[in-house]
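Heads up, the thing below is written out as structure tokens.
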Amino acid sequence: MLYIPGNNPAMLQQGGVYGADSLLLDLEDAVALNQKDAARILLRNLMQSIDFYDAEVCVRINHLSTPFGLADLEAIVPLQPHAIRYPKTESAEELMALIQIIERIEDEHNLPHDQMEVHAMIETALGVQNVFSIAGCSPRVGALTIGGQDLTADMNIVYTPDGAGIDFARKRIVMAAKAWKIDVIDTVFPDINDEEGLIKETEYAKKIGFTGKAVINPRQIDVIHEVYTPTDEEIRKAYKIVKEFLVNREAGIGVFAIDGKMIDAPVVARAQYILDLANVTVEI
Amino acid sequence: MKNALGREIPEYIEGIGKLEPFEGAWAKLSKGWMDEPTIPAPNKATLPHQSKLCDSLQEAIEKANPKNGMTITFHHHLRDGDIILVMAMNILHDMGIRDITLAASSLNDCHDPILPFIQDKTITKIWSSGIRGKLGRAISRGAMDLPVIIHSHGGRVRAIHTGRIQPDIAIIAASAADCEGNATGSHGKSAFGSIGYAVIDARYAKHVIVVTDNLVPYPCIPLSITQNFIDTVVVVDSIGDTSKIASGTTRITNSPMDLRIAKLAADAIEYSGYFEQGFSFQVGAGGASLAVAKFIREKMKKQQIKGSFMLGGVTSYCVDMLEEGLFETIFDVQSFDAAVSKSLFNNRRHIEIPAALYANPFNCGCMTNKLDIVVLGALEVDVDFNVNVITGSEGNIRGASGGHSDTASGANLTVVVCPSFRGRIPIIKNSVHTIVTPGESVHVIVTERGICVNPLYKHLEENFRKAGLKVVDIHDLKKEVDGITGISRKLKFTDKIVGLVEYRDGTIIDVIYELEEK
Amino acid sequence: MKPKHPSQAGTFESSDVIVLIEPLEIGSGRKIEIESIVKLQYGDNLKNVVNEMLDQYVLTDIHIILKDKGALEPVVKARLETAILRSIDRQNQ
Numbered sequence: 000m001l002y003i004p005g006n007n008p009a010m011l012q013q014g015g016v017y018g019a020d021s022l023l024l025d026l027e028d029a030v031a032l033n034q035k036d037a038a039r040i041l042l043r044n045l046m047q048s049i050d051f052y053d054a055e056v057c058v059r060i061n062h063l064s065t066p067f068g069l070a071d072l073e074a075i076v077p078l079q080p081h082a083i084r085y086p087k088t089e090s091a092e093e094l095m096a097l098i099q100i101i102e103r104i105e106d107e108h109n110l111p112h113d114q115m116e117v118h119a120m121i122e123t124a125l126g127v128q129n130v131f132s133i134a135g136c137s138p139r140v141g142a143l144t145i146g147g148q149d150l151t152a153d154m155n156i157v158y159t160p161d162g163a164g165i166d167f168a169r170k171r172i173v174m175a176a177k178a179w180k181i182d183v184i185d186t187v188f189p190d191i192n193d194e195e196g197l198i199k200e201t202e203y204a205k206k207i208g209f210t211g212k213a214v215i216n217p218r219q220i221d222v223i224h225e226v227y228t229p230t231d232e233e234i235r236k237a238y239k240i241v242k243e244f245l246v247n248r249e250a251g252i253g254v255f256a257i258d259g260k261m262i263d264a265p266v267v268a269r270a271q272y273i274l275d276l277a278n279v280t281v282e283i
Numbered sequence: 000m001k002n003a004l005g006r007e008i009p010e011y012i013e014g015i016g017k018l019e020p021f022e023g024a025w026a027k028l029s030k031g032w033m034d035e036p037t038i039p040a041p042n043k044a045t046l047p048h049q050s051k052l053c054d055s056l057q058e059a060i061e062k063a064n065p066k067n068g069m070t071i072t073f074h075h076h077l078r079d080g081d082i083i084l085v086m087a088m089n090i091l092h093d094m095g096i097r098d099i100t101l102a103a104s105s106l107n108d109c110h111d112p113i114l115p116f117i118q119d120k121t122i123t124k125i126w127s128s129g130i131r132g133k134l135g136r137a138i139s140r141g142a143m144d145l146p147v148i149i150h151s152h153g154g155r156v157r158a159i160h161t162g163r164i165q166p167d168i169a170i171i172a173a174s175a176a177d178c179e180g181n182a183t184g185s186h187g188k189s190a191f192g193s194i195g196y197a198v199i200d201a202r203y204a205k206h207v208i209v210v211t212d213n214l215v216p217y218p219c220i221p222l223s224i225t226q227n228f229i230d231t232v233v234v235v236d237s238i239g240d241t242s243k244i245a246s247g248t249t250r251i252t253n254s255p256m257d258l259r260i261a262k263l264a265a266d267a268i269e270y271s272g273y274f275e276q277g278f279s280f281q282v283g284a285g286g287a288s289l290a291v292a293k294f295i296r297e298k299m300k301k302q303q304i305k306g307s308f309m310l311g312g313v314t315s316y317c318v319d320m321l322e323e324g325l326f327e328t329i330f331d332v333q334s335f336d337a338a339v340s341k342s343l344f345n346n347r348r349h350i351e352i353p354a355a356l357y358a359n360p361f362n363c364g365c366m367t368n369k370l371d372i373v374v375l376g377a378l379e380v381d382v383d384f385n386v387n388v389i390t391g392s393e394g395n396i397r398g399a400s401g402g403h404s405d406t407a408s409g410a411n412l413t414v415v416v417c418p419s420f421r422g423r424i425p426i427i428k429n430s431v432h433t434i435v436t437p438g439e440s441v442h443v444i445v446t447e448r449g450i451c452v453n454p455l456y457k458h459l460e461e462n463f464r465k466a467g468l469k470v471v472d473i474h475d476l477k478k479e480v481d482g483i484t485g486i487s488r489k490l491k492f493t494d495k496i497v498g499l500v501e502y503r504d505g506t507i508i509d510v511i512y513e514l515e516e517k
Numbered sequence: 000m001k002p003k004h005p006s007q008a009g010t011f012e013s014s015d016v017i018v019l020i021e022p023l024e025i026g027s028g029r030k031i032e033i034e035s036i037v038k039l040q041y042g043d044n045l046k047n048v049v050n051e052m053l054d055q056y057v058l059t060d061i062h063i064i065l066k067d068k069g070a071l072e073p074v075v076k077a078r079l080e081t082a083i084l085r086s087i088d089r090q091n092q
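Chains as they are written, first to last, in numbering that gives the first Met the number 0: chain A, 0 to 283; chain B, 0 to 517; chain C, 0 to 92.
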């Protein structure tokens with residue numbers, strides 16, 4: 000997921016070419032207070048004219064407690080991006096209030112209520128504590144994300160590269176997302192020149208369950224894809240498992256063994272997930 | 000008359016002569032010989048133990064007996080740091096010499112100061128592989144009566160062999176030389192690396208002057224330029240601005256767009272079928288083109304592929320790959336930074352080559368003929384895969400033909416990398432403003448929006464698709480880009496021809512018209 | 000409609016355009032100045048876009064300056080709209 004500042008025409012018009020799975024067009028922190036109007040209008044125009052190819056387009060709006068949040072929604076909701084991302088979400092009630100406004104605007108434009116997702120950004124201690132109810136407050140909540148910088152600020156601690164201070168938050172947010180079976184995106188890695196650090200952090204994010212990671216520079220995209228792409232070895236193993244499973248199912252067998260290891264439904268599901276990531280289909 | 004690409008070419012131009020239309024990238028070569036005879040190089044004689052040293056460039060030029068209507072040549076290895084060309088032209092101008100043909104292997108921004116000599120007819124004809132800056136602007140607006148002739152690096156050697164360019168005086172700047180004129184660019188405070196383009200000038204000019212800011216005790220080695228062709232040697236304080244000649248090492252671009260294009264191009268190369276043990280490789284020194292080397296380097300290491308040779312303009316990045324053992328050899332006709340000069344001087348697998356060996360089409364096989372993969376840039380491309388590297392979007396002459404068409408004609412896989420639009424200007428045209436490299440010698444064009452495969456080379460498309468790479472039809476891409484940028488207004492030109500673009504075999508591939516908007 | 004006060008939108012970045020607006024006396028008409036790195040290719044297009052946008056907001060007496068670094072048409076329109084809304088104090092509606 001690539002962050003693009005909402006008031007930068009050069010970056011917006013090329014947003015789709017870098018191969019990011021999703022784009023986060025940002026009207027919030029990346030835009031100066033006195034340029035909020037300019038960014039909103041620019042984004043509205045470019046979203047209608049630029050092809051972002053296969054990338055899912057998400058727009059981060061300003062919080063409704065600011066003078067800009069409502070105007071952002073009025074401008075962006077009619078364009079029905081893949082998702083609206085809401086910053087500093089702290090409670091289910093707050094997110095429900097947002098969704099009500101979104102649906103009011105959708106009604107005014109004769110738009111359905113089940114197309115555009117809402118993504119909640121968790122970046123305060125209160126949000127972290129309430130994350131389970133936030134994630135489950137509406138079927139429109141399609142993903143959670145963690146904002147590392149804001150969260151450490153809210154916690155009055157220093158953001159460190161080892162992520163020690165936000166580790167609990169990371170895992171709690173992941174768990175809430177998994178419980179509701181929605182996506183969960185890790186925070187950005189701010190040092191664009193530290194490729195090794197990026198790899199390490201992405202590997203960790205993958206290990207604890209994040210389904211993706213946000214980036215601030217297109218150069219980081221390939222690194223993250225590399226980490227998230229299953230290796231040939233993993234694909235071979237997964238292929239073998241799924242194939243054996245299908246063959247055994249034909250024969251009415253549910254649990255079987257490969258190389259002396261028991262293969263049951265969760266193992267098959269995990270193997271299938273790897274094959275889906277790699278775009279591999281199994282035929283028997 | 001129309002040439003094979005449908006461009007209207009005059010049959011004859013007063014002051015230049017009969018023109019031959021372009022017939023096809025390999026049409027003339029396929030005969031196996033060149034119709035034009037090679038003219039003899041001048042015969043010279045000197046007595047033993049004479050001194051060649053002159054006190055000043057002025058004295059050396061006076062000794063060369065300059066005349067109205069003569070041809071003078073220079074090389075461009077000092078790039079934008081060169082001060083010798085302007086110094087020499089000032090001397091000739093002050094001597095009242097007129098009607099000079101300037102045959103510099105390329106002209107850069109640093110040569111802007113000779114513009115007044117064009118306006119006052121000191122210089123009336125120009126041969127060069129590239130023209131930039133104010134000079135290019137003025138020429139595009141009709142500053143000269145005769146069109147300039149743009150040749151390729153290989154084509155320049157051919158043009159000298161056949162007598163199309165007959166150098167009367169050659170001025171060869173060198174960063175080290177001895178009293179007999181043995182000279183090199185590989186060491187000294189103004190080191191610039193290979194001096195490969197100047198070798199043919201030394202061989203053919205009636206009078207050859209070596210200019211150096213670093214006279215070394217005899218003999219100056221390596222013998223890049225040899226004394227048997229040199230008439231006089233001059234020592235000056237400086238041959239140029241060292242910071243602009245060559246400095247440090249070349250960095251790979253940080254531009255996300257260039258890196259994106261380079262990544263796609265490297266993927267295309269990987270799955271082209273030519274990325275295999277012992278492959279040979281050439282990349283340009285700029286932006287996306289050089290960045291391709293970064294990705295190829297990673298792929299070579301990962302797949303344990305070792306290449307044969309790297310060719311052409313050489314950057315420190317190529318030197319790093321040589322030192323890592325990724326390639327056996329570098330053949331260097333032009334060096335882009337200080338680290339390259341050092342390598343050229345120290346590493347016997349880093350070999351200096353003359354332009355004739357690099358790219359002259361008419362011999363028993365120049366090195367570009369042995370290339371597997373070349374990555375080249377473009378100012379414009381068109382749906383027929385023709386490439387323009389000489390005129391900009393505003394119609395000005397502002398680039399260089401260089402080795403573009405030479406390497407494209409030789410390589411098994413020619414990859415052209417460019418953004419699909421710059422600023423607001425679409426780069427993919429229905430028909431490029433000026434053709435330098437014919438589409439039939441370009442296999443793929445890679446932009447940030449995907450890989451376009453020349454329909455003449457269908458097999459590549461299949462390879463790319465199998466590998467899951469993003470292949471786009473160039474017509475579809477053009478439509479898409481026009482949709483983004485909007486259709487631009489066509490530029491207006493008069494019917495005066497200000498430039499002729501010579502293909503490497505000496506035929507005329509295109510002409511450049513004078514801009515109407517001044 | 001009449002601009003209430005001078006306003007500005009856009010940046011000097013490449014692919015962007017700066018739009019400056021100044022109200023003029025009633026009856027002065029439109030005064031449009033365009034500077035662009037792509038004026039040769041897109042000068043006419045830029046002028047048309049400006050006039051269309053001014054028509055849309057029924058602005059007749061106005062001095063408008065564009066300093067364009069190769070902005071795409073939707074970008075030019077966005078900056079024009081922003082500057083116009085700012086000049087009539089409607090930027091947050």
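Just so you know, even glycine gets a beta-carbon here, dropped at the ideal spot from N, CA and C.
Every unbroken beta strand (DSSP E) within the segment 272 to 339 of chain B, with a cutoff of 3 residues, ordered by chain: 280 to 282, 306 to 313 and 326 to 334
Residues, ordered as in the chain, of the segment 143 to 164 of chain B that lie near chain C by beta-carbon distance below 8 Å: none
Inter-residue spacing [alpha-carbon to alpha-carbon] between glycine 312(B) and isoleucine 352(B): 11 Å
For aspartate 494(B) and leucine 114(B), the rounded distance between their alpha carbons: 23 Å
Within-8 Å CB hit, lysine 62(B) to chain A: no
For alanine 176(B), the nearest candidate out of Asp167(B), Asp34(B), Ala169(B) and His186(B) (CA to CA): His186(B)
Same chain, Cβ closer than 7 Å to histidine 432(B), neighbours up to 5 away in sequence not counted: Glu379, Asn387, Thr390 and Gly394
Positions along the segment 386 to 405 of chain B whose CB lies within less than 9 Å of some CB in chain C: Ser392, Glu393 and Gly394
The segment 33 to 48 of chain C: positions lying closer than 8 Å to chain B by Cβ: Ile36, Val37, Leu39, Gln40, Tyr41, Gly42, Asp43 and Asn44
Beta-carbon proximity of glycine 485(B) to tyrosine 56(C), cut-off 8 Å: no
Residues in the segment 66 to 79 of chain C having any Cβ partner in chain D nearer than 8 Å: No chain D appears in the structure shown, which is made up of the protein chains A, B and C.
Interface residues of the segment 261 to 278 of chain B facing chain A [CB-CB below 8 Å]: Lys262
Unbroken stretches of the alpha helix (DSSP H), 4 residues or longer, contained in the segment 327 to 415 of chain B: 337 to 345, 354 to 358 and 403 to 409
Chain C contact residues for leucine 490(B), given Cβ-Cβ distances below 8 Å: Leu39 and Gln40
Chain-ordered neighbours of glutamate 447(B) on chain A, where CB pairs are closer than 9 Å: Gln13, Val16 and Tyr17
Backbone CA spacing between lysine 212(A) and methionine 256(B) [nearest angstrom]: 21 Å
Nearest candidate by alpha-carbon position, reference glycine 5(A), set Arg248(A), Leu97(A), Arg39(A) and Asn61(A): Arg39(A)
Limits of the beta strand (DSSP E) - the one that glutamine 7(C) falls within: 6 to 8
Residues of the segment 203 to 222 of chain A whose Cβ lies closer than 8 Å to any Cβ of chain B, in chain order: Asn216, Pro217, Arg218 and Asp221
Valine 282(B) beta carbon less than 8 Å from that of isoleucine 238(B): no
Histidine 152(B): first and last residue of the uninterrupted alpha helix (DSSP H) it sits in: 152 to 160
From Ala290(B), Asp144(B), Lys457(B) and Ile159(B), residue whose alpha carbon lies closest to that of glutamate 544(B): Nothing about residue 544(B) can be reported from this structure: the residues present for chain B run from 0 to 517 only.
N- and C-terminal bounds of the beta strand (DSSP E) containing lysine 66(C): 61 to 67
CB contact below 8 Å: asparagine 183(B) versus chain C: Position check: residue 183(B) holds threonine in this sequence, whereas asparagine was assumed. Threonine 183(B) does not count as touching chain C.
Neighbourhood of arginine 218(A) by C-beta distance below 7 Å, restricted to the same chain and skipping five residues each side: Ile191
Three-state secondary structure assigned by DSSP to isoleucine 131(C): Because chain C here runs from 0 to 92, residue 131(C) falls outside it and cannot be looked at.
In DSSP terms, what alanine 102(B) is bridged to: Thr72(B) and Trp126(B)
Under 7 Å by beta carbon: chain C residues contacting isoleucine 40(A): Ala77, Glu80 and Thr81
From Ser193(B), Pro218(B), Met299(B) and His48(B), residue whose alpha carbon lies closest to that of histidine 349(B): Ser193(B)
Closer than 8 Å to chain C by CB, alanine 31(A): no
Reduced DSSP category for threonine 241(B) - H, G, I as helix; E, B as strand; rest coil: helix
Exposure of serine 27(C), with buried meaning 16 or more beta-carbon neighbours within 10 Å: exposed
Valine 130(A) vs leucine 94(A) beta-carbon contact at 8 Å: no
Nearest residue (CA-CA) to arginine 250(B), options Ala284(B), Lys51(B), Ala264(B) and Lys243(B): Ala284(B)
Short Cβ contact (8 Å threshold) for phenylalanine 361(B) with isoleucine 444(B): no
Leucine 58(C): contacting residues in chain A (beta-carbon distance under 7 Å): Those within 7 Å of leucine 58(C) in chain A number zero; the least Cβ separation is about 17 Å.
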